[in-house]
Amino acid sequence: MTDPLWISLVKAVAVFAFTLTLVPLLVLAERRISAWMQYRVGPNRVGPFGSMQPLADLVKMLFKEELRPAGVPAFLFGAAPAIAAICSLFMMAVVPLGGTLLFGGHSTRMVVADVDVGVLAVLATSSLGVYGITLGGWASNSKYSLLGGLRSSAQMISYELTMGLSLLSVLVLVRRGDAGLFGSLSLSDIVASQASSGIWNVVKCPLGFLLFTTAAFAETNRLPFDLPEAEPELVGGYHTEYSAMKFGLFFLGEYAAMVAGSAVVVCLFLGGWHLPFVTGAEAVGVPGALLQVGVFVAKLLVFLFFFIHVRWTLPRFRYDQLMDLGWKVMLPLALVNLLVTGGLVAAGVF
Amino acid sequence: MDERTGFLLFSAIALVGALNVVLRRNPVHAVLWLVGSFLGVAGIFLTLGSGLLAAIQVMVYAGAIMVLFLFVILLLNLETPRFEGISLARGASLFASAATGLLLLWPFVSDRSLQAPATPAVNLPVTAANVGMTLFQRFAVPFEIVSLVLLVAMVGAIHVARRPRRDEPA
Amino acid sequence: MVPQSWYLLLSAALFTLGVAGFAARRNSLVMFMSVELMLNAANVAFVACARAHEPVRGTVYALFVIAIAASEVAVGLALVLALFRLKRTVNADEIRELRA
Chain Z
-16 MTDPLWISLV
-6 KAVAVFAFTL
4 TLVPLLVLAE
14 RRISAWMQYR
24 VGPNRVGPFG
34 SMQPLADLVK
44 MLFKEELRPA
54 GVPAFLFGAA
64 PAIAAICSLF
74 MMAVVPLGGT
84 LLFGGHSTRM
94 VVADVDVGVL
104 AVLATSSLGV
114 YGITLGGWAS
124 NSKYSLLGGL
134 RSSAQMISYE
144 LTMGLSLLSV
154 LVLVRRGDAG
164 LFGSLSLSDI
174 VASQASSGIW
184 NVVKCPLGFL
194 LFTTAAFAET
204 NRLPFDLPEA
214 EPELVGGYHT
224 EYSAMKFGLF
234 FLGEYAAMVA
244 GSAVVVCLFL
254 GGWHLPFVTG
264 AEAVGVPGAL
274 LQVGVFVAKL
284 LVFLFFFIHV
294 RWTLPRFRYD
304 QLMDLGWKVM
314 LPLALVNLLV
324 TGGLVAAGVF
Chain H
830 MDERTGFLLF
840 SAIALVGALN
850 VVLRRNPVHA
860 VLWLVGSFLG
870 VAGIFLTLGS
880 GLLAAIQVMV
890 YAGAIMVLFL
900 FVILLLNLET
910 PRFEGISLAR
920 GASLFASAAT
930 GLLLLWPFVS
940 DRSLQAPATP
950 AVNLPVTAAN
960 VGMTLFQRFA
970 VPFEIVSLVL
980 LVAMVGAIHV
990 ARRPRRDEPA
Chain W
277 MVPQSWYLLL
287 SAALFTLGVA
297 GFAARRNSLV
307 MFMSVELMLN
317 AANVAFVACA
327 RAHEPVRGTV
337 YALFVIAIAA
347 SEVAVGLALV
357 LALFRLKRTV
367 NADEIRELRA
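For the record, the sequence lines run as chains Z, H and W. So that you can map any letter, position 41 of the first sequence is 24 in this note's numbering, and since no number is skipped, the others follow by simple counting. So that you can map any letter, position 22 of the second sequence is 851 in this note's numbering, and since no number is skipped, the others follow by simple counting. So that you can map any letter, position 7 of the third sequence is 283 in this note's numbering, and since no number is skipped, the others follow by simple counting.
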């Protein structure tokens, strides 16, 4: 089912705008929530309850002077933050926000690109995101940036394995009986399989959920895994030398990756746009579609709150602890998880 | 986008990338051009109707193997080497590679049957399910052998790259 | 539609560039990259030739090639690291311990 060009365009613009709107709101929420958790006031000067703070920050970033250190390759220095931002934004393209929408004789799936290898596309783009950070570190011509970039590439390679393996356990859970869904890697189909079995994947394989979420934290460089930008050790990490909007793009990339990562977790483990115990129709009209997207966004926001809460609760790992955790704890656990889930499926439990 | 446009676009990307890998002196630039070339090849797989392979190409080659290259280059912190000049050996090797290329090209020019557009077979589409079934049934033994090769390579790589302890000879 | 020979020509061109890079460059890292180019060229040929007969088989072959390439890179980069520790260079011409 291919859409006419204008529907594709509308969907692309809508998802792009949705993500870009969510990012400043998320920044504001993060600052307010962290203040609340630490008995501080937080930003409350600009607008009612500080609601205009992200806008003020944006204006500040746009008008700041752009600095470029000496001996820096101009093209790569500029390309690095763009790569970081594009890769995180791109991930949202394969995430379905709802089922199939029927209106005025058209029927379209509520996802920008319903590719049949959706899960692999997520992994592929998230692994390409490493280049933005690594190159930013290298192109800055500064030892602190370089160390930050090196750390991030090592960290992301290590945790990608856990991410992929815990994802496999979700794919195993798609039952052979589900006609048309078996063996599919599309996120829409994974959501549909959870709806048809009535149980979310988080219940069926809680360990996989835990591992995937932890790996997602590491992939987005959030605390407790924000080693690449550890302030006390490496000044600012890979973005030490960046200023103005180039820094803003790295910032945007990090928060967009958070949004995309949470959206993927919602699709894989939390049933996507479905409510528990309510089996709605897959194809819906406009009101039903709004309801589906609403359910999805609600789940997304809860998960993002969790993201922020963890950041302001846990201390940072040391680098060797991070590597030990990734290779000696999470990777074996992911293998065991895959084995157990596969065994349960083969035994006909699910 | 029809197949012809896709092919021309992606093969241009792949070839320009590959050319620059050979020509760039700075190894970091070579890595980046190679990533570009791999993305072009992934596009070629897409036009050939294998989205699965395209995704795996991006994930494994561009996302993992080349990051490893970049990692090692940054770790060694190499400076950009000077141009070493053209030696007799280098001229001879370039001549040899050109000869290889011509040798490889010859069958495609002479064989008429390859000029016709290939009609894609429709019996078994390239989906993850079909590839998995083929991989684990018909190719089960090669699959096990490859996994063994990977394991041995991993053990070997760890052993070779390990920093020798103080009390043992380097 | 694109004739099959176009894909094979692309494959041949990529392979030749790989051979040229491997033969002419002395930086061992770039030499490894050229090997990767050659393996990729082989993959293009596999998938293009399999399309008319059994597309799934071409993909399976290409998967095997990618797995072998990954193990080759792991061992190769480990060797480069070990050599760099010993000789402070990655230039293949300066590593001549085994030359008689």
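Using N, Cα and C, we set each Cβ at its ideal position, and we do this for glycine too. Everything numeric in this text was worked out from a predicted model, so none of it was measured.
Under 8 Å between C-beta atoms of residue i and residue j
| i | j | result |
| --- | --- | --- |
| residue 899/H | residue 857/H | yes |
| residue 267/Z | residue 85/Z | yes |
| residue 58/Z | residue 51/Z | no |
| residue 982/H | residue 358/W | no |
| residue 843/H | residue 870/H | yes |
| residue 221/Z | residue 128/Z | yes |
| residue 314/W | residue 294/W | yes |
| residue 338/W | residue 287/W | no |
| residue 415/Z | residue 83/Z | Residue 415/Z is absent from the structure shown; chain Z starts at -16 and stops at 333. |
| residue 77/Z | residue 94/Z | yes |
| residue 115/Z | residue 236/Z | yes |
| residue 226/Z | residue 287/Z | no |
| residue 310/W | residue 301/W | yes |
| residue 153/Z | residue 251/Z | yes |
| residue 98/Z | residue 169/Z | yes |
| residue 260/W | residue 876/H | Residue 260/W lies beyond the residue range present for chain W, which begins at 277 and ends at 376; the question has no answer from this structure. |
| residue 891/H | residue 874/H | no |
| residue 37/Z | residue 229/Z | no |
| residue 313/Z | residue 197/Z | yes |
| residue 368/W | residue 923/H | no |
| residue 853/H | residue 859/H | yes |
| residue 100/Z | residue 325/Z | no |
| residue 344/W | residue 978/H | yes |
| residue 72/Z | residue 102/Z | no |
| residue 232/Z | residue 67/Z | yes |
| residue 120/Z | residue 132/Z | yes |
| residue 112/Z | residue 70/Z | yes |
First through last residue of the alpha helix (DSSP H) which encompasses residue i
| i | result |
| --- | --- |
| residue 92/Z | Element bounds for residue 92/Z: not the alpha helix (DSSP H) but the beta strand (DSSP E), 89 to 92. |
| residue -12/Z | -12 to 20 |
| residue 127/Z | 126 to 156 |
| residue 311/Z | Run containing residue 311/Z: none; DSSP gives neither H nor E here. |
| residue 208/Z | From DSSP, residue 208/Z is part of no alpha helix (DSSP H); its letter is neither H nor E. |
| residue 170/Z | 170 to 180 |
| residue 971/H | 969 to 990 |
| residue 237/Z | 227 to 252 |
| residue 114/Z | 101 to 122 |
| residue 258/Z | Looking at the DSSP string, residue 258/Z is not in any alpha helix (DSSP H), and its letter there is neither H nor E. |
| residue 782/H | In the structure displayed, chain H extends from 830 to 999; residue 782/H sits before or after that span and is not available. |
Strand pairing of residue i, partner residues [DSSP]
| i | result |
| --- | --- |
| residue 189/Z | None, per the DSSP bridge assignment. |
| residue 845/H | DSSP, once it has assigned bridges, lists no residue as partnering residue 845/H. |
| residue 267/Z | 84/Z |
| residue 303/W | 367/W |
**Message:** Restricting to runs no shorter than 3 residues, where is the beta strand (DSSP E) found entirely within the segment 857 to 928 of chain H?
**Reply:** Taking only runs of at least 3 residues, no beta strand (DSSP E) segment lies wholly in the segment 857 to 928 of chain H.
**Segments of 4+ residues assigned as alpha helix (DSSP H) that fall wholly inside the segment 21 to 87 of chain Z** = List check, alpha helix (DSSP H) in window: 36 to 46, 57 to 74.
**Message:** Please identify, using Cβ separations under 8 Å, the residues of the segment 884 to 903 of chain H that lie next to chain Z, in order along the chain.
**Reply:** Flagged, chain order: 884, 885, 887, 888, 891, 892, 893, 896, 897, 899, 900, 903.
**Item:** Contacting positions in the segment 302 to 315 of chain W - beta carbon closer than 8 Å to chain H
**Value:** For the segment 302 to 315 of chain W, which is checked against every Cβ of chain H, the residues closer than 8 Å are 302, 303, 305, 306, 308, 309, 310, 312, 313.
**Asked** Going along the segment 859 to 877 of chain H in order, which residues come within less than 8 Å of chain W, judged by CB to CB distance?
**Response** Identification of residues in the segment 859 to 877 of chain H having a C-beta nearer than 8 Å to some C-beta of chain W yields 859, 860, 863, 866, 867, 870, 873, 874, 876, 877, given in sequence order.
**Message:** Beta carbons nearer than 8 Å to chain B: which residues of the segment 329 to 354 of chain W have them?
**Reply:** Within the model displayed, chain B is absent; protein chains Z, H and W are what it includes.
**Prompt:** Along the segment 74 to 107 of chain Z, what residues have a CB closer than 8 Å to any CB found in chain H?
**Reply:** Of all residues in the segment 74 to 107 of chain Z, 98, 99, 100, 103, 104, 106, 107 have a Cβ within less than 8 Å of some Cβ in chain H.
**Prompt:** What residues in the segment 951 to 973 of chain H bring their beta carbon closer than 7 Å to a beta carbon of chain Z?
**Reply:** Cβ contacts with chain Z: 956, 957, 958, 961.
**Item:** alpha helix (DSSP H) runs contained entirely in the segment 282 to 341 of chain W, provided each spans 4 or more residues
**Value:** Listed in chain order, the alpha helix (DSSP H) runs fully inside the segment 282 to 341 of chain W are 304 to 326, counting runs of at least 4 residues.
**Request:** Can you give me, in chain order, the residues of the segment 19 to 52 of chain Z that have a beta carbon less than 9 Å from any beta carbon in chain H?
**Result:** Per Cβ criterion, the list is empty.
**Prompt:** Using a Cβ cut-off of 7 Å, which residues of the segment 840 to 861 of chain H contact any Cβ in chain Z, in chain order?
**Reply:** Taking 7 Å as the Cβ-Cβ cut-off against chain Z, the residues of the segment 840 to 861 of chain H that qualify are 857.
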